[in-house]
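In full-length UniProt numbering, the protein residues as written are 1 to 88. The C-beta atom is built at its ideal place from N, Cα and C for all residues, glycine as well. These numbers come from a predicted model, not from an experiment. Working notes, beginning with the structure itself.
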Amino acid sequence: MSIDPRVALQSLTTALEEHLVAASNRRGDGDPAVEASFFAVADAFEVYEDALYEAYSEVTPLQVFDDEEDEDDEAGIDDDEDLEILED
C-alpha cells in the first residue's frame, strides 16, 4: 500500500507545527509533550521520504538520527572497524 506523497507531506507539516507548539510550551527538560512531538516528526518524515521515493524515485537532503547512533558516538565507536574489534 503506497501513500500519496502530498498526504505524507501534509502529515509532516502538521507534525512540525505540533512540535513547535510543544517546544514553545516546554515545561522543563524532558517534557513528555516535546519528546512525543519530536518522535512524531521523525516518524512523519520517514513516511514522507518513503512515499516520495516510491512515487518519484526521489529523496530529500535530510536525515533522521536515532538514539542508537548517538550512543555509539558517545562510546567512541566511529565505524565498522571499531565494531569488529568489539565483537572479537
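Got a sec? Which residues, its chain only, sit under 7 Å from residue i by beta carbon, not counting five neighbours each side?
| i | result |
| --- | --- |
| Leu9 | Tyr48 |
| Ala44 | Ser11, Leu12, Ala15 |
| Gly28 | none |
With distances taken between CB atoms, is the gap from residue i to residue j smaller than 9 Å?
| i | j | result |
| --- | --- | --- |
| Ala33 | Ala51 | no |
| Ala40 | Glu18 | yes |
| Val59 | Glu46 | no |
| Asp66 | Ala36 | no |
So, at 6 Å on beta carbons, what are the nonlocal neighbours of residue i in its own chain, with the 5 sequence-adjacent residues on each side left out?
| i | result |
| --- | --- |
| Ser2 | Glu54 |
| Asp4 | none |
| Glu87 | Residue placement at Glu87 is flagged as unreliable, the pLDDT there being 49, under the threshold of 50; the coordinate-derived value follows with that caveat. Around Glu87: no qualifying Cβ. |
| Arg26 | Val34 |
>> Ignoring anything shorter than 4 residues, give me the alpha helix (DSSP H) runs that lie fully in the region 13–71, in order along the chain.
In response: Fully enclosed alpha helix (DSSP H) runs of 4 or longer: 32–56.
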